[in-house]
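Numbering-wise, my numbering comes out as the position in the sequence shown, counting from 1, plus 854.
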Amino acid sequence: MIRLSVNVDHVATLREARGGREPDPVTAALICELAGADGITVHLRLDRRHIKERDLYLLRKLLKTELNLEMAVTEEMLKIALDVKPDQCTLVPERPEELTTEGGLDIVRHREAVKEAVRRLHEAGIKVSIFVEPNEEQIRMAKEVGADRIELNTKNYSEAPPKRRGEELERLRRAAELAGKLGLEVNAGHGLNVQNLPPIAKLPNLREVSIGHSIISRAIFIGLEKAVKEILEILHR
Ligand code: PXP
């Protein structure tokens, strides 16, 4: 069964809009777990614009499912990850001005730093996934630097106009197939929602999807529990 990890960053974004204590992303995470989510994802950004250390440490203590930490490959983030010991770290690129993660990590360019990060995280017993474009060279490099998993960036697919969507899906399908052949597990995420998820759920070797924005957005109107359950219903078909 394909797993769902819910990204609760945007609950923290709303909290930070007033600088107070609510809504609490930790409460949101516990509701997602009760609704059947298989894990929780947070991105501790370098500027701490939404998730804070406090959230990460509380989640580590309270979650019964998997905690996935999205992080840039920096010494600061590595130290935090090695201390918190999430179940999985997903290495992502980070640009301070970006609204959200803009693309996959260029592992070819940052090969040595990524390899060393994977080695240190593995030493602490943490599974490592790398957020990548559906590109053969990057996927082969993910294997070479020792990653356990890749997370395929579904941004281009989710934003493609209907006539280009098939092409983007095919690119993801080929990437997922290659990853499977190389012995990498496959996660996918970015821009997924109830409308565009069904074809993604049929990708070969897919282990987990990570969904944030659409679940939290729909939660405002239909409630968080229902927003999680309607995604699970698609994944479990
Ligand atoms: N995966 C990665 C690596 C991301 O950076 C994000 C966005 O934070 C997501 C998945 C989730 O994307 P969305 O919020 O569009 O569902």
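All C-beta atoms in this analysis are idealised placements derived from N, C-alpha and C, irrespective of residue type, glycine included.
- Taking 8 Å as the cut-off, the beta carbon of V1048 is found no closer than this to the beta carbon of I1054.
- Closest by C-alpha distance to I984, out of R1019, E948, E952 and N1010, is E948.
- Within the stretch 864-922, the runs of beta strand (DSSP E) at least 3 residues long that lie entirely inside it are, in chain order, 893-897.
- By the CB criterion at 8 Å, I885 and V896 fall outside the cutoff.
- Excluding five sequence positions before and after L888, the CB atoms of its chain that fall closer than 8 Å to its own CB belong to E1079, given in chain order.
- Rounded to the nearest whole angstrom, the C-alpha separation of T881 and A1030 is 34 Å.
- Taken in chain order, the complete beta strand (DSSP E) segments of 3 residues or longer contained in the stretch 913-979 are 920-925 and 942-945.
- Two segments are said to touch when three or more pairs of C-beta atoms, one from each, lie closer than 8 Å; by this definition the stretch 966-986 touches the stretch 1002-1022.
- Beta-bridge pairing by DSSP links I984 to L945 and I1004.
- Here the stretch 1035-1045 makes contact with the stretch 1006-1015; the two share three or more CB pairs at distances below 8 Å.
- Put simply, the backbone Cα of C943 is about 13 Å away from that of R899.
- Under DSSP, G1037 forms no beta bridge with any residue.
- Measuring C-alpha to C-alpha distances from K997 to each of S1071, L1026 and E1039 identifies E1039 as the nearest.
- By DSSP's assignment, A1042 forms a beta bridge with L1006 and V1063.
- Residue nearest to K915 within the set M925, K933 and V938 is V938 (criterion: CA-CA distance).
- The continuous alpha helix (DSSP H) containing R994 extends over residues E990 to E998.
- Taking each of L921, I993 and T928 in turn and checking the Cα distance to D901, the smallest one comes out for T928.
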